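Mapping the sequence shown onto numbering that gives the first Met the number 0, position 27 (from 1) lands on 26, and the numbers just tick up by one.
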Amino acid sequence: MPRQFCVGGNWKMNGDKAQITGIMDTLKGATLDPNTEVVLGCPAIFLEFTRSNLPARFGVAAQNSYKVAKGAFTGEISPAMIRDVGCDWVILGHSERRAIFGESDQLVAEKVIHALQSGLKVIACIGETLEEREAGKTEEVVFRQSKALADAIGADWSNVVVAYEPVWAIGTGKTATPQQAQDVHAALRKWFAANVSQAVADAVRIQYGGSVTAANCKELGACPDIDGFLVGGASLKPEFIDIINARM
Ligand code: PGA
């Protein structure tokens, strides 16, 4: 079965109700590739607002969730809460969460398994820093991150989308070349075949993220192992429509 193309927008800590309304109007008014799944990663405080103003054709994702359902964890939100306001996705392990908020592979994995067990679908992010790439450690890093996920998830990856986001490409305007991205995606798929199963390797969708724009999305999206994108900056702009339609 071909893997369904999946494009996520990661709004990060951006937007207010007025701006989000504008983005939603653009999305609702656009002609979108019916074969592309679209998921919008929205600040927690606007999840319910966004969900209630968009048709079901669009998934709405939180950008983080904690590893347990409730309790004394001031400032955190749980998968149960995300589901309670009608959303069914969460982005976990984004490099900003890892680098700025100190999230380890282990914590990310614990969050992922709790989110899956709570009925959420997960976009799980991995990727190497510039220093790691220059040291020739790209595969070592993304395999280590994948192993932490695989140890927690086990055999069933049906509700997981992997986002490969080289940290040096995020928000920098420096996109990985299609070949650089394709090479890592293909290596990841091989790793999944060897360490999880051939079925998961064949079926799991691997998004590319890092300075994806309307100008570079077609070439990236034509790579055989790139199954969509996770888009930051450009997901706040009308060009996000062109990115959703990269394969149209
Ligand atoms: P960018 O961000 O598209 O602005 O580089 C991607 C991301 O952080 O998911």
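Using N, Cα and C, we set each Cβ at its ideal position, and we do this for glycine too. These figures come from a predicted structure and were not determined experimentally.
Do you know offhand how far Q197's Cα is from G85's?
The residue given as residue 197 occupies position 198 in the sequence shown. The residue given as residue 85 occupies position 86 in the sequence shown. For Q197 and G85, the distance between alpha carbons rounds to 33 Å.
Name the two residues that bound the continuous beta strand (DSSP E) containing N194.
On the sequence shown, position 195 is the one that residue 194 refers to. That residue, N194, is in no beta strand (DSSP E); its alpha helix (DSSP H) goes P177 to N194.
For D88, write down the residues that DSSP places opposite it in a beta bridge.
The sequence position of residue 88 within the sequence shown is 89, counting from 1. Sequence inspection shows Trp at residue 88; the Asp mentioned does not correspond to that position. Note: W88 sits in a beta bridge opposite A60 and K120.
What's the call for D224, buried or exposed, on a 16-neighbour Cβ count within 10 Å?
For the purposes of this step, residue 224 is identified with residue 225 of the sequence shown, where counting begins at 1. Result: buried.
Exposed or buried, P237, counting other C-beta atoms within 10 Å across all chains shown (16 or more means buried)?
As a first step, residue 237 is located in the sequence shown; it is residue number 238 there, counting from the start. With fewer than 16 neighbouring CB atoms inside 10 Å of its own CB, P237 falls in the exposed class.
Round the Cβ separation of N13 and L229 to the nearest angstrom and send it over; I've been treating them as touching at under 8 Å.
As a working note, residue 13 is residue 14 in the sequence shown. As a working note, residue 229 is residue 230 in the sequence shown. Incorrect: roughly 15 Å between the Cβ atoms, too far for contact.
Hey, would you say C124 sits closer than 8 Å to G92, going by beta carbons?
Position 125 of the sequence shown holds residue 124. Position 93 of the sequence shown holds residue 92. For C124 and G92, yes; Cβs fall inside 8 Å.
Relative to the alpha-carbon of A185, which residue among P1, E127 and E138 has its alpha-carbon at the smallest distance?
The residue you call residue 185 lines up with position 186 of the sequence shown. Comparing Cα-Cα distances from A185 to each of P1, E127 and E138, the minimum goes to E138.
At what residues does the alpha helix (DSSP H) containing G21 begin and finish?
Position 22 of the sequence shown, counted from the start, is the residue given in the question as residue 21. Where G21 is concerned, the enclosing alpha helix (DSSP H) stretches over K16 to G28.
Beta carbon of E238: closer than 7 Å to some heavy atom of ligand 1?
Along the sequence shown, read from residue 1 onward, the residue named residue 238 stands at position 239. Not under cutoff, so the answer is no.
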